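Just remember that the numbering used here sits 4 ahead of the position in the sequence shown, which is counted from 1.
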Amino acid sequence: MLKRSPMKRGHVRVGSASIRRRKAGGKLALGRDSCTRASLSVERAAVMARGAGWCEIGQRGHACDPVSGKTRPATDFAHVIARSQGGADVRSNALALCRRHHEMMTAPFSKGRLLAHTVIWNKVTGIQWRVLVCADKAAYYIGEYTSRAAGFIAT
């Protein structure tokens, strides 16, 4: 079996500057809205408090437990637009989710992936995220999230 080693460019490991920056308390990423590790824990706590400890998608009518129809406590902090796709480390781009809904956000489309893809700029309300559930080629409207309100809003 081959032994995996870190990728190297010359004598410097790729990503070593990023690792040094984060260990020194710097930003987690460059080129987009990002925060430090310390401020990220504050953001996580605020997002979890926004949902009062419960899954934010489960509170909008999409049951966390399909058998009982109940909402589960939020255990995961998830980005609406993934960090790998340029999503920012800000409260308006984060959700407090149960494990099931977080797994659905990263699942393949054929397995019923949660989509949070439509970004609408509205001068009055700010940025809104429409969250849809796609299962069996059907889309179900759940709600909208706006950066100016605390959590989901009814429309």
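We put the CB at the ideal spot given by N, CA and C, even for glycine.
Keep in mind that this is a model prediction, so the values were computed, not measured.
Per DSSP, what are the beta-bridge partners of residue i in this structure?
i    : result
L99  : A82
P112 : P112 is not bridged to any residue.
P77  : W58
Leaving aside the five residues before and after residue i along the sequence, list all residues of the same chain whose C-beta is less than 7 Å from its C-beta, in chain order.
i    : result
R103 : T79, D80
H121 : For H121, the pLDDT reaches just 48, beneath the cut-off of 50, and the residue's location in the model is therefore unreliable, leaving the point undetermined.
G57  : P77, A78
R48  : F81
Can you tell me which of the options puts its alpha carbon nearest to the alpha carbon of residue i?
i   : options               : result
G62 : M52, R76, V71, S72    : R76
A50 : A82, S20, V71, M108   : A82
S96 : D69, H105, I85        : I85
P70 : S114, M109, H105, S88 : H105
Round the Cβ separation of residue i and residue j to the nearest angstrom and send it over; I've been treating them as touching at under 8 Å.
i   : j    : result
C59 : A111 : That pair is no contact at about 16 Å.
Enumerate in chain order the residues of its own chain whose CB-to-CB distance from residue i is below 6 Å, with the five nearest sequence positions on each side excluded.
i    : result
G164 : Since the first and last residues shown for the chain are 5 and 159, residue 164 lies out of range.
G91  : H83, I85, N97
CB-CB under 8 Å to residue i, same chain, minus the five flanking residues each way: which ones, in chain order?
i    : result
G73  : A67
M3   : The structure shown does not extend to residue 3, since the chain is modelled only from 5 to 159, so the question has no answer here.
S114 : none
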